[in-house]
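Below: the structure, in structure tokens.
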Amino acid sequence: MVADLRHDDFLQAEPAGPLESSQNQPSAVLTVEKLALSLAGKEILQQVDFSLSAIGVTSVIGPSGAGKSSLLRCLNGLESGWTGGVKIDGNDIRQWPGGWDQLRRHVGLIAQKPLVFNTSIRANVCFGLHGWRQRRRADGLVKASLQQAALWDEVADRLDAAATTLSVGQQQRLCIARAIAIKPKILLLDEPTASLDPLSKQLIEQSMLQLAQQIPLICVTHDLEQAQRLKGQVIFMCDGRVIEQAASDQFFRQPQQIETREFLRWSVCDCD
Amino acid sequence: MSVLQQQYRNMLNRYTHGKALVLLLALPALLIPTMVLCYIFWQAAPVLDWNFLFGTADGIGFGVTEGIFSQLVGSLLLATMACLIATPFALGTALYYRTFATPWQQQLLSALFNMLQGIPPIVFGLCGLVVLVNLFSWGVSLLSGAVVLAVVVLPLLALNTLATLERIPNEYSEAGSALGLTKGAIILRLWLPRSWRQLLTGLLLAMARALSETAPIMFTATVFSGVVWPDSIFSPVTTLQTHIFYLAQEGNDPLLISIAWGSAAVLVLLVAFFALLARLLPKSGGN
Ligand SMILES: Nc1ncnc2c1ncn2[C@@H]1O[C@H](COP(=O)(O)OP(=O)(O)OP(=O)(O)O)[C@@H](O)[C@H]1O
Ligand SMILES: [Mg+2]
Chain A
1 MVADLRHDDF LQAEPAGPLE SSQNQPSAVL TVEKLALSLA GKEILQQVDF
51 SLSAIGVTSV IGPSGAGKSS LLRCLNGLES GWTGGVKIDG NDIRQWPGGW
101 DQLRRHVGLI AQKPLVFNTS IRANVCFGLH GWRQRRRADG LVKASLQQAA
151 LWDEVADRLD AAATTLSVGQ QQRLCIARAI AIKPKILLLD EPTASLDPLS
201 KQLIEQSMLQ LAQQIPLICV THDLEQAQRL KGQVIFMCDG RVIEQAASDQ
251 FFRQPQQIET REFLRWSVCD CD
Chain B
273 MSVLQQQYRN MLNRYTHGKA LVLLLALPAL LIPTMVLCYI FWQAAPVLDW
323 NFLFGTADGI GFGVTEGIFS QLVGSLLLAT MACLIATPFA LGTALYYRTF
373 ATPWQQQLLS ALFNMLQGIP PIVFGLCGLV VLVNLFSWGV SLLSGAVVLA
423 VVVLPLLALN TLATLERIPN EYSEAGSALG LTKGAIILRL WLPRSWRQLL
473 TGLLLAMARA LSETAPIMFT ATVFSGVVWP DSIFSPVTTL QTHIFYLAQE
523 GNDPLLISIA WGSAAVLVLL VAFFALLARL LPKSGGN
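Sequence lines, in order, name chains A and B.
Its first residue numbered 1, the first sequence is counted upward by one per residue in the numbering used here.
Its first residue numbered 273, the second sequence is counted upward by one per residue in the numbering used here.
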């Protein structure tokens with residue numbers, strides 16, 4: 001698989017077709033068509049169209065209030081009042097076998113506000129596992145997940161301490177570990193490094209790149225340099241719409257839309 | 273300078289007057305219950321002893337008994353059964369309120385329970401007499417009384433449970449569903465560990481309330497004498513509340529009156545115990 005498809009390839013790439021045949025264990029491919037969402041009488045998302053390659057990071061950027069978090073919440077089923085089509089591997093997520101709960105195990109979401117449960121660090125990591133026996137015998141998984149979330153070294157000796165005693169940045173990484181632990185097939189991250197120091201940020205980015213070799217990641221970020229470092233695709237959203245979508249090299253070197261250029265240069269967006 | 277001082281003194285005067293007024297109004301509210309409590313215990317002191325607490329009536333005498341143990345147990349039995357009956361319904365209502373109800377239904381539910389709380393308990397007692405005791409032929413029994421009491425404490429319990437569940441932030445549940453937890457798992461593994469203390473507090477307050485209700489059980493569950501221990505849920509019981517009531521009607525026998533005082537003191541202590549436990553509980557850790 002090629003991690004970063006070219007812009008035009010990307011637009012032409014048909015979703016599931018070729019991928020299903022090429023792999024035994026097909027990586028999920030996501031297509032979004034005409035996704036629209038209204039909350040409290042306000043249009044939050046309008047006509048969102050994009051698709052996701054089988055692996056690699058897709059960064060979503062855009063000003064505050066653009067609807068980035070709302071988009072992720074729709075994809076994960078936390079928001080269910082949307083219209084349009086979202087397909088994973090060609091399957092409509094509204095008809096997902098097992099319903100929304102199963103879908104959410106398939107499509108992990110790490111929320112913008114880190115929220116740890118009021119138990120131990122270990123229990124937090126295992127929280128999504130089915131069955132208390134699995135949760136008990138998950139030491140290996142706990143370690144692996146915490147390592148992937150770049151938190152292991154800091155908490156290795158106090159896995160049974162209350163998770164609420166961690167710093168905000170540590171809590172954020174704990175949330176990442178918790179989501180990784182259930183082995184989602186697609187991972188949605190909402191500003192995963194927003195409250196982290198440069199070092200942890202770097203570690204998380206490394207983990208993300210590593211994960212992205214197996215599954216597709218969508219990462220909402222306000223850090224344009226991070227979007228560049230993560231390679232892959234970039235989706236630029238403004239005012240509930242996708243303005244531009246391209247491979248990151250091309251996106252930052254030659255943005256096609258006026259709004260994108262404005263945003264990259266002045267960090268403002270005026271798409272109305 | 274002196275003008276300022278003057279102003280300051282005026283303010284102080286106004287302030288002290290205000291303070292005096294507030295105190296004057298607040299004192300009776302503090303003093304009267306304290307005095308009543310003191311008086312109860314003062315009156316009860318002569319009879320309060322081990323034999324009085326743990327002795328039982330022979331079941332024949334007309335309230336002139338060595339002890340009130342069977343009344344004490346009867347009260348506790350009724351209150352416990354009532355709370356046990358009411359709890360599942362309160363929980364169910366609150367879960368429905370939090371998970372499925374539309375905003376309109378939520379408003380309706382809380383309005384309904386607030387209204388139910390305002391209905392005089394004797395009305396429920398009357399309904400219990402007509403429906404449970406006579407229509408269902410359960411007779412004057414533990415079961416009839418417990419069911420009526422359950423209806424009386426249900427609004428309190430349900431409203432407390434509603435408020436508890438409502439206090440759980442949405443993000444908390446969402447963090448759970450983002451991990452693919454089912455509704456049931458969210459309730460059991462997120463909501464319950466987080467709010468069991470408040471739920472237990474509500475239960476203890478309901479116990480205190482059930483213990484202090486007299487009217488609803490007076491003609492559905494209790495008799496004055498003739499019973500020491502109920503043999504089944506279909507047999508009547510004796511309780512502290514009604515014991516006091518019947519004894520007080522015999523206003524001219526000093527012995528009976530002193531037994532009534534003793535029973536009152538024990539009842540007050542019992543209710544206070546549950547109310548205090550309910551107060552202390554949330555402070556011992558938790559979030
Ligand atoms: N539950 C809701 N009800 C009404 N409006 C909402 C709701 N949730 C979000 N919105 C609105 O939707 C818009 C998009 O919100 P969203 O959180 O998706 O933005 P965002 O792009 O993630 O912004 P940020 O970068 O600040 O996180 C905002 O204008 C917000 O006010
Ligand atoms: Mg956001």
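Ideal Cβ placement from N, Cα and C applies to all residues, glycine included.
Owing to the predicted nature of the structure, the values given are computational and were not obtained by experimental measurement.
What does a CB cutoff of less than 6 Å around residue i pick up in its chain, not counting 5 residues either side in sequence?
i              : result
residue 254(A) : none
residue 196(A) : 169
residue 513(B) : 486
residue 546(B) : 476, 479, 480
residue 22(A)  : With a pLDDT of 40 at residue 22(A), under the threshold of 50, the predicted position of this residue should be treated as unreliable, and no value is reported.
residue 175(A) : 110, 114
Please return the same chain residues whose Cβ sits closer than 8 Å to the Cβ of residue i, not counting the five positions on each side in sequence.
i              : result
residue 209(A) : 57, 230, 231
residue 102(A) : 96
residue 517(B) : 486, 490
residue 484(B) : 513, 539, 543
residue 332(B) : Interpretation of residue 332(B) is limited by its pLDDT of 48, a score under 50 that renders its predicted location unreliable; the figure taken from the coordinates is listed afterwards. Within the same chain, residue 332(B) has close Cβ partners 497, 498.
For a contact defined as C-beta to C-beta under 8 Å, what are the partners of residue i on chain B?
i              : result
residue 102(A) : 452
residue 76(A)  : 450
If the cut is a Cβ gap below 8 Å, which residues of chain A does residue i touch?
i              : result
residue 462(B) : 117
Would residue i and residue j qualify as a contact pair, given that the criterion is a beta-carbon distance under 8 Å?
i              : j              : result
residue 540(B) : residue 342(B) : no
residue 362(B) : residue 429(B) : yes
residue 74(A)  : residue 35(A)  : yes
residue 477(B) : residue 432(B) : yes
residue 99(A)  : residue 452(B) : no
residue 163(A) : residue 193(A) : no
residue 105(A) : residue 160(A) : no
residue 519(B) : residue 414(B) : no
residue 191(A) : residue 112(A) : yes
residue 63(A)  : residue 219(A) : no
residue 394(B) : residue 488(B) : yes
residue 242(B) : residue 495(B) : Lying before the first or after the last residue shown, residue 242(B) is absent from chain B, which here runs from 273 to 559.
residue 482(B) : residue 425(B) : yes
residue 354(B) : residue 421(B) : yes
residue 144(A) : residue 126(A) : no
residue 148(A) : residue 207(A) : yes
residue 531(B) : residue 319(B) : yes
residue 243(A) : residue 257(A) : yes
residue 347(B) : residue 511(B) : yes
residue 78(A)  : residue 301(B) : no
residue 92(A)  : residue 85(A)  : yes
residue 61(A)  : residue 224(A) : yes
residue 436(B) : residue 389(B) : no
Going along chain B in order, which residues have a C-beta closer than 9 Å to the C-beta of residue i?
i             : result
residue 56(A) : Within 9 Å Cβ-Cβ: nothing; residue 56(A) doesn't reach chain B, min ~22 Å.
Hey, is residue i close to ligand 3, as in C-beta under 7 Å from one of its heavy atoms?
i             : result
residue 35(A) : What this structure holds is ligand 1 and ligand 2, not ligand 3.
Skipping 5 residues on each side, what residues in its chain have a beta carbon closer than 7 Å to that of residue i?
i              : result
residue 405(B) : 411, 412, 416, 492
residue 203(A) : 150
residue 16(A)  : Per-residue confidence for residue 16(A) stands at a pLDDT of 37, beneath the threshold of 50, marking its modelled position as unreliable; the derived number appears in the next sentence. 29, 89, 90.
residue 445(B) : 458, 462
residue 44(A)  : 37, 38, 67, 70, 240
residue 522(B) : 528
residue 556(B) : With a pLDDT of 46 at residue 556(B), under the threshold of 50, the predicted position of this residue should be treated as unreliable, and no value is reported.
Could you work out which residues of chain B lie near residue i, taking near to mean beta carbons separated by less than 7 Å?
i              : result
residue 113(A) : 443
residue 105(A) : 452
residue 109(A) : 450
Measure from the C-beta of residue i to each C-beta in chain E and report whether the shortest distance is under 8 Å.
i              : result
residue 362(B) : Among the protein chains of the structure shown, namely A and B, there is no chain E.
- request: May I ask you to list, following chain order, the residues of the region 236–253 of chain A that have a beta carbon less than 8 Å from some beta carbon of chain B?
  value: For the region 236–253 of chain A, the beta-carbon criterion of a distance under 8 Å to any beta-carbon of chain B is satisfied by none of its residues.
query: What are the residues of the region 443–457 of chain B that lie near chain A, defined by any Cβ-Cβ distance shorter than 9 Å?
result: Listed by position, the residues of the region 443–457 of chain B near chain A (Cβ gap below 9 Å) are 443, 444, 446, 447, 448, 449, 450, 451, 452, 453, 454, 455, 457.
task: Check each residue of the region 179–196 of chain A: if its Cβ is closer than 8 Å to any Cβ of chain B, include it; give the result in chain order.
output: Those would be 179, 182, in chain order.
- prompt: Closer than 7 Å from C-beta to any heavy atom of ligand 2: which residues, in chain order?
  reply: Listed along the chain, these residues meet the criterion: 68(A), 69(A), 112(A), 190(A), 191(A), 220(A).
task: Closer than 8 Å, Cβ to Cβ, to anything on chain A: give me those residues from the region 463–474 of chain B, in chain order.
output: Per Cβ criterion, the list reads 465, 466.
Chain B contacts from the region 119–143 of chain A (Cβ-Cβ distance under 8 Å): Listed by position, the residues of the region 119–143 of chain A near chain B (Cβ gap below 8 Å) are 119, 127, 128.
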